[in-house]
Amino acid sequence: MASPQQPQQINVADLDLPQLVDVRRQLEEELSHLTNSFAQLKQAQAKFGSCIDSVKEVQPVNKNKTILVPLTNSLYVPGKLCDAENVIVDVGTGYYVQKVAPLS
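Using our numbering, the first residue of the sequence shown is number 6, and each one after it goes up by one.
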């Protein structure tokens with residue numbers, strides 16, 4: 006069984022200008038990718054926090070209260086909270102799970 010290959014170390018002082026340009030380009034691409042990934046994680050964190058706040062509002066005391074039901078990101082219709090014990094959670098890629106809402 007072959008052992009995993011160790012990363013090769015190169016002294017950047019030994020590189021010529023075209024090689025340094027390639028290293029810079031690669032580092033800029035990696036930085037851009039990491040920056041985009043971080044931004045996506047921050048968006049997911051904010052969405053998760055918003056979901057937690059919304060679930061906290063699903064309490065028996067709020068049963069039959071008027072709410073806005075989202076049909077799209079910018080279209081809502083009025084509705085009533087009929088079931089204050091259960092929520093349906095989007096767990097990603099088109100899958101949903103019914104859960105019992107926690108009591109605060």
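Every residue gets a Cβ at the ideal spot worked out from N, C-alpha and C, and that includes glycine.
Any idea what DSSP makes of residue i, helix, strand or coil?
i	result
Leu73	strand
Ile1	Residue 1 lies beyond the range of the chain shown here (6 to 109); nothing can be said about it.
Gly99	coil
Lys104	strand
Val63	coil
Pro83	strand
Asp21	coil
Asn16	coil
Asn41	helix
Asp27	helix
Verify whether the separation of the beta carbon atoms of residue i and residue j is less than 7 Å.
i	j	result
Val92	Val66	no
Val94	Val102	yes
Look at the alpha carbon of residue i and the alpha carbon of residue j, and state the distance between them as a whole number of angstroms.
i	j	result
Val63	Lys47	25 Å
Ala85	Phe43	Here residue 85 is Lys; the residue named in the question, Ala, does not match the sequence. Approximately 37 Å, taken between the alpha carbons.
Thr98	Val17	44 Å
Arg29	Pro23	10 Å
Looking only at DSSP bridge pairs, what is residue i linked to?
i	result
Phe47	The sequence given here places Lys at residue 47; Phe does not occur at that position. Bridge partners of Lys47: none, in fact.
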